[in-house]
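Structure, as structure tokens:
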Amino acid sequence: MTLSDAFDEPAFVPYLVAGDPDFGSSLSYVEALERGGADVIELGLPFSEPIAEGPTIQEGIVRALSAGMATERYFEFVERLDVDVPIVCMTYYNLIYQYTGTSGDAGGAAGERGPRPFVERAAGAGIAGLVVPDLPPEEASPLRAACDEFGLDLVFIVAPTTRGDRLDRMREQVSGYVYVQARLGTTGARDDVSEQTDASLERVGDWEVPKAVGFGIKTGEHAERIVAAGADGVIVGSALVDIVAEGVAEDRDPADVAAELAAKAEELKAGALAGAKQRTPPEHT
Amino acid sequence: MTLSDAFDEPAFVPYLVAGDPDFGSSLSYVEALERGGADVIELGLPFSEPIAEGPTIQEGIVRALSAGMATERYFEFVERLDVDVPIVCMTYYNLIYQYTGTSGDAGGAAGERGPRPFVERAAGAGIAGLVVPDLPPEEASPLRAACDEFGLDLVFIVAPTTRGDRLDRMREQVSGYVYVQARLGTTGARDDVSEQTDASLERVGDWEVPKAVGFGIKTGEHAERIVAAGADGVIVGSALVDIVAEGVAEDRDPADVAAELAAKAEELKAGALAGAKQRTPPEHT
Amino acid sequence: MSSKTDGKFGEYGGQYVPEALMPAIEELTDAYERYVLDNEDGFMDEFRRRMREFGGRPTPLQPAEQLSARYDTDVYLKREDLLHGGAHKLNNALGQVLLAKYMGKERIIAETGAGQHGTATAMAGAHLDMPCEIYMGETDIARQRPNVFRMRINGAEVTPVTTGRGTLKEAISETMRDWAKTVENTHYVIGSIVGPHPFPAMVRDFQALISEEARSQAQEAEGRLPDAVLACAGGGSNTMGAFHNFVDEESVDLYAVEAGGSSLSVDEEAGVAPNSASLSTGEEGVLHGARTRVLQDGDGQIMESHSVSAGLDYAGVGPELAHLVDTGRVDAVNVDDDAALEAFHRLSQLEGVIPALETAHAFAYLEEHRGDLGESVVVNVSGRGDKDLETVIEETAERDLSIAPDMDLFREIGGGML
Amino acid sequence: MSSKTDGKFGEYGGQYVPEALMPAIEELTDAYERYVLDNEDGFMDEFRRRMREFGGRPTPLQPAEQLSARYDTDVYLKREDLLHGGAHKLNNALGQVLLAKYMGKERIIAETGAGQHGTATAMAGAHLDMPCEIYMGETDIARQRPNVFRMRINGAEVTPVTTGRGTLKEAISETMRDWAKTVENTHYVIGSIVGPHPFPAMVRDFQALISEEARSQAQEAEGRLPDAVLACAGGGSNTMGAFHNFVDEESVDLYAVEAGGSSLSVDEEAGVAPNSASLSTGEEGVLHGARTRVLQDGDGQIMESHSVSAGLDYAGVGPELAHLVDTGRVDAVNVDDDAALEAFHRLSQLEGVIPALETAHAFAYLEEHRGDLGESVVVNVSGRGDKDLETVIEETAERDLSIAPDMDLFREIGGGML
Ligand SMILES: Cc1ncc(COP(=O)(O)O)c(C=O)c1O
Ligand SMILES: Cc1ncc(COP(=O)(O)O)c(C=O)c1O
């Protein structure tokens, strides 16, 4: 299944930080999301300077890093995951750029830096795509080329402020799906659904890839309204990381946390499906 | 008896701060000094900024001021004193300059400032002379004139650094005795006798007034050596104020302190007399 | 974009930022080109005027008589410590706040660590009547109270950042986060010559007043250019400011003196580098929006850096400086904490100028290489050391520095620290 | 003595000092006439050069845009806060230490209260390689630790004075005492425009750089002289420095703004004046070597003065300033502690300049008399307020000043004072 196929029906795309709060629990949490109905999973490879994240995800990253998450371990994590839906790796460019792997010849000329070894390893681990929030299309060609070589999709984020030339450049390079940022700001669950969402969706309306809307989605009802507005999927991160954080704060049994994540996933997936019914005219049926 | 007559034999000139540590004790201390052999008494009228004093006398001044000593009270103190030897008032110029007394017409034109009212009041209290350490001869004419009018002597301090023109100006204005400063610095008892003393005495050798040497004299032996070197008298302050300070620190009976002061006075007077015997040639016999 | 402002210095530089910020970055690039490069509406004239009248420029180039005798070399001090606020930071802060005004922004934000950039920005904000919010880690707030208070009395909001360890790094993230939400009316006044294009080029142009003046002052004093220019390097803004107008003069050696901290080796396991020498020991990487030299582990995780001077304690460095080091134009050197502390005391005692601990690093290098640096040397005094008194007392007490004054007086008198 | 240097300003001035000091005073008078007045051996040229290169002169005359709008008057700030060390004090300290060098002295001593003059003297001493001992009351040492440390790191000895209450007054006595012992090789660097002749004339001549610059800067900015010049007055050195070159210009009104403290009335019984307004409320007297206006009781005992700003907290004032007030050339005015604190916050917020609390008094007067002072007003910013942060926090917390920023941040974050 390619990444875009996962959007054949309104998709629920959850995000978690790999290894948050520890390797074992995190595996079970990701698997719980699939049980709850996830169609694609964005799995964060934590980076020490997550400039695009809100406080919730930032704290999740701090937890994962202090529990020992690291690039090679991340790939092992993905390999250990028992899920069937596509995994998209979300991380920052420096981790991609620095990766040299273990094979030694992966990067072409010895010591040559670049994204190729990372993508090769990601492909090997079964990762379907990448989202790199600090990589604008202007700087993306080496990564795009490596993704093409190894058959990965490269997802870009369209912001409410993205217009004109910038939109065109992104449209040329994007594959898998486009991540439509619902509002200005960084990630973080909020209580309302932004009016900017409609306008943002409209700007990418005629793109060929599915449109997944993220940033601030928290409830099934949010998901429903967003899908009703025309999105092909909803991306939910902070609302889920919040559950992980609460589990840590209250020292809960990871199995209970996993169950709660699964329940939340069900709510969100149901919301997305409900939203599809309200659409006029339906786009993907 | 005029002030200079008191130096007919080698004179012992003690200094105490009036009112240190309180009015009553201080009276008894001054009287004890006379019993011990004082020929002239320098009685300090305490000023809040005693820039010419060392730490010992400065602390005595602080004690006296906090016990309520003040200009009018000082004159009452002098009037209450039961001593026969001449009293010299040692104070700073601002107290002299500000004094307006109680009579109202003492200072000539109403509100006119100047030393005249002070000197008139001092004369009334029976004071024989003044020493004003912050009044150099250049600024002294108004005070000199008032002293002449009311029959007071005006003592000047000759420092080891005083030479040439300055010496001449002082010689013109001095009366009573000249206070020869034994060494550079401010008042304060020390353990040795300065070599500067000889040179200083020589510079005023042919002056008509008696020469009293002060600054740092502590023991009978010091007094002896200074008189042997040609002085007509020794001025001793800090060594006596030290005894008062110890009395305060150890909370001693004022009568005991007075006795110790008298004993110290005897030692110093005896030293001065012994010094006279070693002189060649004797000057006052 | 014109080649002048493609934002690349060799392989370094670029714009590695979240998409939400790109429009703001493009708007800023446009404003930079128009106002700074082309002096549109007399922007640069106004900037220079305000730096004279408000900032105190030109700062002197002082012959350092006792150092000159000690090293048998003509040593000159470029006195940025005399700038309003006490450091070179104002050149950048005032430039950016003024630019924000020209751009019609209604609000500025900035991050600060030790508080030097925050105070400079708050001063510039008050001067130009521009509302100002400074993000600062709560740990830093607790240990830099005087600087926090200076910002507050200049009317700035100081917002504590409580995520992570509550230090500079979290403050940068929080400021970016604010900016990502408020780009339309807000300008982010970055604190050094780092970040995505156009920041590195723009900050350099504002800080270049330093070398513009130093160059003509040195000409006037010696009739020729200096043989060497030394500046400490954290992010590298005072460094590039001091170097810029000498870069094309091959005869002038340029030394960027980094913080060697307690050691140049790193603890990969703990992710800690006990130094801040990203030029000397870092690797190429992407940090805070630009490709540059970075202290990082094998994976690319950014290391915690360390230096006795808070202002040098940064894991990255400006991309242009990294490029000039790679091409051999600038020598990247470093000195350790001990040498910097000694140099702090030496300059204070010999010249009556108490330098910032950051600045002291440049003087420590001068001491170690006396004689080798030519006949006429300019050292950039990037800031004054008043802010460092407490650190210097503590750090000096832990060491046996023969040059340090003894502190018995403080022990005798008792009481707390400063 | 020439009439130029008879040391009298009307009835004020003179030389009321212990005889032991008179030879030193005469030697100093001679040196003053030769080096300062007659520029012998190029003394004044060297002084001016060092004030440029080391001190940072000229300081700017900054148009204060927001104050000008507020008062509908052209307000200019003479920025002595930008001088090395952060206050006008260096003009005097450097001048005197340099003079001591010309005189062949081997050592300098000085008194200090809050530590401003002590730090300026220590800096000048280090710069000119002159051993330096600063007397400071032990009470003051305990409450001014940062300044004590600055002196120590500049290599000065700081000698605690333990007599009396251990404050400025005892420190002055102790310094005089040292001088009386060591006149032959030692110069006493007095801290303001007070003391016996030639100090008041000499300190004025060193500080007069302020008005020399301000005069020509104002001419350049406005094409004419200002209508008024305002300066705070403690001892009066920044005051006379700011006024001197305008004294002969009848069109320029001169305002010496004293510390009204908490009240202008005095407690004769306790010997306490809750203000430091010796020009406004003092009487003629003799203090620290000169006849001048003094806060004193009916007997002539000197009162304890008070002000929220340590640098104005002095019971006397320079004799020349007292004379200019008596003759009507200078207006002696005053503002109270509350108004000064408000002005401190106002200037910080409106102009991005944090003034010393001393300086803030001048701005408080400007606020109270907005409009009355003419169309163009120069205010001397005698120093920066970094030294006053702790006092301002405490004093602001005790009052209800609507203009002050709230300090909740500090309460939330916890920790000690600064
Ligand atoms: C005085 C001083 N010098 C140098 C620096 C280092 O910054 P940069 O390398 O950007 O000049 C700082 C930073 O706070 C500083 O305060
Ligand atoms: C900044 C500042 N202004 C003014 C004064 C008052 O002194 P003066 O009246 O001699 O200028 C002081 C004294 O410490 C000071 O530090």
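Protein chains in written order, with my numbering: chain Z, 17 to 301; chain Y, 17 to 301; chain B, 3 to 420; chain F, 3 to 420.
Think of the CB as a built atom: it goes at the ideal place given N, C-alpha and C, for glycine as much as any other residue.
- Message: Between the alpha carbons of Ala408 of chain F and Ala158 of chain B, how many angstroms are there, rounded?
- Response: Going by the sequence as given, residue 408 of chain F is Asp instead of Ala. Cα-Cα distance, rounded: 11 Å.
- Message: Going by the DSSP bridge assignment, what does Ile57 of chain Y pair with across the sheet?
- Response: Y:Ile103
- Taking any heavy atom of ligand 1 as the mark, which residues have a C-beta closer than 7 Å to it, listed down the chain? B:Ala89, B:His90, B:Lys91, B:Ala116, B:Gln118, B:His119, B:Ser194, B:Ile195, B:Cys234, B:Ala235, B:Gly236, B:Gly237, B:Gly238, B:Ser239, B:Asn240, B:Thr241, B:Ala312, B:Gly313, B:Leu314, B:Ala358, B:Glu360, B:Thr361, B:Ser384 and B:Gly385
- Query: Going along chain B in order, which residues have a C-beta closer than 7 Å to the C-beta of Gln212 of chain Z?
  - Reply: Per Cβ cutoff of 7 Å: no residues; Gln212 of chain Z is ~11 Å from chain B at best.
- Message: Per DSSP, what are the beta-bridge partners of Val332 of chain F in this structure?
- Response: F:Leu256
- Residue ranges of each alpha helix (DSSP H) within the segment 134–160 of chain F, 4 or longer: 140–145 and 147–155
- Message: Gly273 of chain F and Ser64 of chain Y - do their beta-carbons sit closer together than 9 Å?
- Response: A contact, by the Cβ cut-off of 9 Å.
- Item | Simplified DSSP state of Phe172 of chain Z, which is helix, strand or coil | strand
- Message: Could you tell me which whole alpha helix (DSSP H) segments of length 4 or greater appear in the segment 22–75 of chain F?
- Response: 24–33, 45–55 and 67–73
- DSSP-derived helix/strand/coil call for Arg132 of chain Y: helix
- 9 Å Cβ cutoff met for Val380 of chain F and Leu30 of chain F: no
- Can you tell me the Cα-Cα spacing of Val254 of chain B and Leu170 of chain F, whole angstroms? The straight-line gap from Cα to Cα measures roughly 51 Å.
- Message: Whole angstroms are fine: how far does the CA of Gly106 of chain F sit from the CA of Gly117 of chain Y?
- Response: 48 Å
- Task: Could you tell me which uninterrupted beta strand (DSSP E) segments, each at least 3 residues in length, are contained entirely in the segment 215–295 of chain Z, listed from first to last along the chain?
- Result: 227–230 and 249–252
- Assumed close pair Gln74 of chain Z, Gly302 of chain B - CB separation to whole angstroms, cut-off 8 Å: Not really, about 18 Å apart at Cβ, beyond 8 Å.
- Query: Taking Cβ positions, are Ile357 of chain Y and Ala22 of chain F nearer each other than 9 Å?
  - Reply: Residue 357 of chain Y is absent from the structure shown; chain Y starts at 17 and stops at 301.
- Task: Taking only beta-carbon positions, decide if Leu420 of chain B is within less than 9 Å of chain Z.
- Result: Caution is warranted here: a pLDDT of 44 is assigned to Leu420 of chain B, below 50, making its placement in the model unreliable, and the coordinate value is therefore given only provisionally. Closer than 9 Å: no.
- Query: Which full runs of the alpha helix (DSSP H) of 4+ residues lie inside the segment 197–284 of chain B, going along the chain?
  - Reply: 201–209, 211–224, 239–245 and 280–283
- Query: Under 7 Å Cβ-Cβ, which residues of chain B neighbour His86 of chain F?
  - Reply: Leu84
- Message: Please report whether the beta-carbon of Val19 of chain B lies at a distance below 9 Å from any beta-carbon of chain Z.
- Response: yes
- Message: Judging by CA-CA distance, which residue of Y:Gly180, Y:Arg219, Y:Val147 and Y:Glu58 is the nearest neighbour of Val381 of chain Y?
- Response: Outside the displayed span of chain Y (17 to 301) sits residue 381 of chain Y, for which this structure offers no information.
- Arg109 of chain B touches chain Z at which residues, Cβ-Cβ below 7 Å? In chain order: nothing, as chain Z lies at least about 14 Å away.
- Item | Under 9 Å (Cβ pairs) to chain Z, residues found in the segment 279–303 of chain B | Glu285, Glu286, Gly287, Val288, Leu289, His290, Gly291, Arg293, Val296, Gln298, Asp299, Gly300, Asp301, Gly302 and Gln303
- Using a Cβ-Cβ cut-off of less than 9 Å, list which residues of the segment 173–192 of chain B approach chain Z; keep chain order. Ile174, Ser175, Glu176, Met178, Arg179, Asp180, Ala182, Lys183, Thr184, Val185 and Glu186
- Message: If you reduce the DSSP assignment to three classes, tell me which class Arg109 of chain B lands in.
- Response: When secondary structure is reduced to three states using DSSP, Arg109 of chain B falls in the strand class.
- Span separating the alpha-carbon of Asp83 of chain F from that of Arg401 of chain F: Spanning the two alpha carbons is a distance of roughly 26 Å.
- Message: Measuring only the C-alpha atoms, how far is Val205 of chain F from Leu326 of chain F?
- Response: 16 Å
- Query: So with Cβ pairs under 9 Å, would you call Thr169 of chain F a contact of chain Y?
  - Reply: no
- Message: On the DSSP letters alone, give me the boundaries of the alpha helix (DSSP H) that Ser189 of chain F sits inside.
- Response: Residue 189 of chain F is actually His in this sequence, not Ser. Careful: His189 of chain F lies outside any alpha helix (DSSP H), inside the beta strand (DSSP E) at Thr188 to Tyr190.
- Go ahead and label Thr18 of chain Z buried or exposed: buried means 16 or more other beta carbons lie within 10 angstroms of its beta carbon, across all protein chains shown. exposed
- Query: Is the distance from the Cβ of Gly37 of chain Y to the Cβ of Val260 of chain Y below 9 Å?
  - Reply: In the sequence on display, residue 37 of chain Y carries Pro and not Gly. Yes, Cβ-Cβ distance for Pro37 of chain Y and Val260 of chain Y is below 9 Å.
- Delimiting residues of the alpha helix (DSSP H) encompassing Tyr367 of chain B: Leu359 to Glu370
- Query: Of the choices F:Pro62, F:Gly9, F:Tyr14 and F:Ile212, whose alpha-carbon is the least far from that of Arg50 of chain F?
  - Reply: Scanning F:Pro62, F:Gly9, F:Tyr14 and F:Ile212 for the CA closest to the CA of Arg50 of chain F turns up F:Ile212.
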